[in-house]
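Residue numbers (my numbering): 624 to 965.
Note that beta-carbon positions come from the ideal geometry of N, C-alpha and C, so glycine has one too.
Contents: one structure, followed by commentary.
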């Protein structure tokens, strides 16, 4: 308890599965790695893509596509879908993915399924999306299992079946899919499709956080702070909150501010608390208890915190208690591994 209220609760992550859609967010193309294509199949086009030479990649892939090279067709679709070297055109992307699907490429099946699931460049058709995902999974594309989990959980494109959804999420999660790990952890939290199991929820949430899912990092930090499904560890909760806060998650920023304000898991530092409170506040997350702390802080410290809160690195170095995450990686890389699921 801090200031008469619980510091953290269980609402920090996603809104749940009530409005989930079978859609995977666009890839991060700031440092492009095209995982959906087997690089051995597309040779120089793939190499050009990896180096950011998108027009060169398009030219080579277009030449390869004349011979019916399915991987080249998929790459062209990917370039159009994401506007790499060409104007973004999801309708054109769907045409190229469709040709690749006809040539039997399971990677294109996953991509075309995502477009059909959202009516993006093609007709909205979630049954067709599910058909494509099932075929892709049968051909070895394990990421299709995550999409199928969403389909069966939502009951859109297939009859709702939470148990099947959980099985598909587990298949993708065991293959290392961070989103599937987070989804499976959430099912164990809620007891949807599986028996509620706080320990399994924590184990999979930790796996997802360790794989880079920021929403999972916040949830896992909450579990660690409250000792839900895992041994309570305020120092490690601090480390995960810090990682998520620096990634821009306002809930983590608020919780980190409260930890600093109260000295829970980290040395008490109200000025650092103010920095993170102000950042969370800018994102729309208000906290009357921290507002009261700001009043007590004094004009000089408030001014410093206000200036620091606008800096890209949050202005002040963090006090990590030996468990702060390294510049790259997660707290588990700093010697605090997450528990293993069953």
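query, result
"Could you tell me if residue 755 is buried or exposed, where buried requires 16 or more neighbouring beta carbons within 10 angstroms of its beta carbon?", "buried"
"Hey, residue 848 and residue 857: beta-carbon distance below 7 Å or not?", "yes"
"Measuring only the C-alpha atoms, how far is residue 748 from residue 698?", "23 Å"
"In its own chain, which residues sit with a C-beta less than 7 Å from the C-beta of residue 688, not counting the 5 before and 5 after it?", "695, 696, 699"
"Is it true that the CB of residue 769 sits closer than 7 Å to the CB of residue 802?", "yes"
"Does the segment 670-689 come close enough to the segment 710-717 that 3 or more CB-CB pairs lie under 8 Å?", "no"
"What's the gap between the Cα of residue 786 and the Cα of residue 817?", "7 Å"
"Would you kindly work out how many angstroms separate the C-alpha atoms of residue 805 and residue 836, rounded to a whole number?", "8 Å"
"Considering only C-alpha positions, which residue in the set 902, 887, 690, 704 is nearest to residue 726?", "690"
"Just checking my contact of residue 616 with residue 905 at CB under 8 Å: how many whole Å lie between their CB atoms?", "Nothing can be reported for residue 616, as the shown portion of the chain is limited to 624 through 965."
"Below 8 Å on the Cβ atoms is my guess for residue 964 versus residue 813; work out the distance and round it to an integer in Å.", "Contact doesn't hold; Cβ gap of about 16 Å is too wide."
"Please classify residue 737: does DSSP put it in a helix, a strand, or coil?", "helix"
"Rank 875, 718, 792, 771 by C-alpha distance to the C-alpha of residue 907 and give the top, closest one.", "875"
"On the criterion of 16 or more Cβ atoms from any shown chain inside 10 Å, does residue 628 qualify as buried, or is it exposed?", "No answer about residue 628 holds up, because its pLDDT of 38 lies below 50 and its placement is not dependable."
"Count the other C-beta atoms from every protein chain shown that fall within 10 angstroms of the C-beta of residue 834, then say buried if there are 16 or more, exposed otherwise.", "buried"
"For residue 813, report the span of its alpha helix (DSSP H) as first-last.", "801-813"
"Over what stretch of residues does the alpha helix (DSSP H) that includes residue 756 continue unbroken?", "749-761"
"Determine the burial state of residue 891: buried for a count of at least 16 other Cβ atoms within 10 Å of its Cβ, exposed for fewer.", "exposed"
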